[in-house]
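Participant: Sharing a structure below in structure tokens format, with a few things to ask.
Numbering (this note's numbering), first residue to last: 3 to 245.
Following this line, the structure appears as structure tokens:
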């Protein structure tokens, strides 16, 4: 059974009511997005509107808020998850910049346009489901397919905006074609491997509406000695207590 909470250096994630728990790859994704968004900041940067789709516990929103002064809207269709994300955000130092809504992205009335959109979508498609509706919504794409997600995002992103996705590596080829069909250009890709002996199991994607020469990189989470790799430590040092 997962712990009821996860303690980071500057905030705490309670997760007893959310179907999607804190995971290592989710933390890696949040740290990577926060790092890329932070590096974009300049003295002339105005308030950036960022949307976190399927926020769950609010993990990604809080990791980004720690590094960036963005105004963040976090959505979750599940009432229990949205309530827990609200509580996690309110207890953090950045609660005044994070708005959590229980909302289905497919029926959101009159949303604003966002410069940055981040999503760790349901991983599983056409696979066995549990008897818990909240867990199915968090882990399976039967309610919101990747195609529906990308189409919804197209109506929410501002001109020149950015999209960040975390996907299983096995869905990478289909996702690449889907993004291209919907007018997205790949900007940065990070392929994650559990250890040097493993093949990639996750792909972290930054895409934009503006054409760019994509860059590809990889990260190994655990080294041969079963400790975190130097690159992983660098990204997660602002968050993990043990680093």
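Glycine is no exception: its CB is placed at the ideal position from the N, C-alpha and C atoms.
(1) Would you decide whether residue 78 is buried or exposed? Buried here means 16 or more other CB atoms lie within 10 Å of its CB.
(2) Considering only the alpha carbon of each residue, which of 164, 115, 165 lies closest to residue 157?
(3) Just to confirm before moving on: does the CB-CB distance between residue 61 and residue 32 stay below 8 Å?
(4) Between which two residues does the alpha helix (DSSP H) holding residue 121 run?
(5) Per DSSP, residue 226 is paired with what?
(6) Contact between the segment 233-244 and the segment 198-211: three or more CB pairs below 8 Å?
(7) Around the Cβ of residue 94, are there at least 16 other Cβ atoms within 10 angstroms (buried) or fewer (exposed)?
(8) So, residue 76 versus residue 99, is the Cβ gap smaller than 8 Å?
(9) Can you name the residues that DSSP bridges to residue 187?
(10) Which residue marks the beginning of the beta strand (DSSP E) containing residue 14, and which one marks its end?
(11) Since residue 166 contacts residue 215 with CB under 8 Å, what's their CB separation in whole angstroms?
(12) On the DSSP letters alone, give me the boundaries of the alpha helix (DSSP H) that residue 196 sits inside.
(13) Should residue 117 and residue 50 be called a contact, given that it needs their Cβ atoms to be closer than 8 Å?
(14) Considering only residues of the same chain and omitting the five flanking positions on each side of residue 7, which have a CB-CB separation below 8 Å?
(15) Under three-state DSSP, which class holds residue 105?
(16) Within 10 angstroms of its Cβ, does residue 57 collect 16 or more other Cβ (buried), or is it exposed?
(17) Roughly how many whole angstroms lie between the Cα atoms of residue 243 and residue 176?
(18) Checking 8 Å against the spacing of the C-beta atoms, do residue 205 and residue 146 come in under that value?
(19) Just how far apart, CA to CA, sit residue 44 and residue 38?
(20) Which runs of the alpha helix (DSSP H) spanning at least 4 residues fall entirely within the segment 25-72, listed in chain order?
(21) DSSP three-state label for residue 160, please.
(22) Would you call residue 12 buried or exposed, if buried means 16 or more other Cβ atoms sit within 10 Å of its Cβ?
(23) How is residue 244 classed by DSSP in three states: helix, strand or coil?
Facilitator: With the structure as the only source:
(1) Sequence index remark: in the chain shown, residue 78 carries index 76 (1-based). Around the C-beta of residue 78, 16 or more other C-beta atoms lie within 10 Å, and the residue is accordingly described as buried.
(2) The residue given as residue 157 occupies position 155 in the chain shown. Measuring from the Cα of residue 157, the nearest candidate turns out to be 115.
(3) Here residue 61 corresponds to residue number 59 of the chain shown, with the count starting at 1. Here residue 32 corresponds to residue number 30 of the chain shown, with the count starting at 1. Yes, the Cβ-Cβ distance between residue 61 and residue 32 is below 8 Å.
(4) The residue given as residue 121 occupies position 119 in the chain shown. Run containing residue 121: none in the alpha helix (DSSP H); it sits in the beta strand (DSSP E), 116-121.
(5) Position 224 of the chain shown, counted from the start, is the residue given in the question as residue 226. Partner(s): none; residue 226 has no beta bridge.
(6) These segments do not touch.
(7) In the chain shown, the residue the question calls residue 94 occupies position 92. Label assigned to residue 94: buried.
(8) Here residue 76 corresponds to residue number 74 of the chain shown, with the count starting at 1. Here residue 99 corresponds to residue number 97 of the chain shown, with the count starting at 1. Contact: no.
(9) Position 185 of the chain shown holds residue 187. Answer by DSSP bridge pairing, in chain order: 210.
(10) Locating residue 14 in the chain shown gives position 12, counting from the first residue. Its beta strand (DSSP E) spans residues 14-16.
(11) For this step, residue 166 is matched to residue 164 along the chain shown. For this step, residue 215 is matched to residue 213 along the chain shown. Wrong, their Cβ atoms sit about 18 Å apart, outside the cutoff.
(12) Counting from one through the chain shown, the residue named residue 196 turns up at place 194. Premise fails: residue 196 is in no alpha helix (DSSP H) and is neither H nor E.
(13) Position 115 of the chain shown, counted from the first residue, corresponds to residue 117. Position 48 of the chain shown, counted from the first residue, corresponds to residue 50. Yes.
(14) For the purposes of this step, residue 7 is identified with residue 5 of the chain shown, where counting begins at 1. Taken in chain order, the residues that qualify are 14, 15, 16, 17, 18.
(15) One-based indexing of the chain shown puts residue 105 at position 103. In the structure shown, residue 105 sits in coil (DSSP, three-state: anything other than H, G, I, E or B).
(16) As a position in the chain shown, residue 57 is number 55, starting the count at 1. Under this definition residue 57 is a buried residue.
(17) Numbered from its first residue, the chain shown carries residue 243 at position 241. Numbered from its first residue, the chain shown carries residue 176 at position 174. In this structure, the CA atom of residue 243 is about 37 Å from the CA atom of residue 176.
(18) Walking along the chain shown from the start, residue 205 turns up at place 203. Walking along the chain shown from the start, residue 146 turns up at place 144. Not in contact: residue 205 and residue 146 (Cβ atoms no closer than 8 Å).
(19) Counting from 1 along the chain shown, the entry for residue 44 is found at position 42. Counting from 1 along the chain shown, the entry for residue 38 is found at position 36. Taking the straight line joining both Cα atoms gives about 13 Å.
(20) Here the runs fully enclosed are 26-42, 61-69.
(21) Within the chain shown, residue 160 is the residue found at index 158, counting from 1. DSSP places residue 160 in strand when its eight states are reduced to three.
(22) Along the chain shown, read from residue 1 onward, the residue named residue 12 stands at position 10. With fewer than 16 other CB atoms across the displayed protein chains lying within 10 angstroms of its CB, residue 12 is exposed.
(23) Here residue 244 is taken as the residue at index 242 of the chain shown, counted from 1. Coil at residue 244, not helix or strand.
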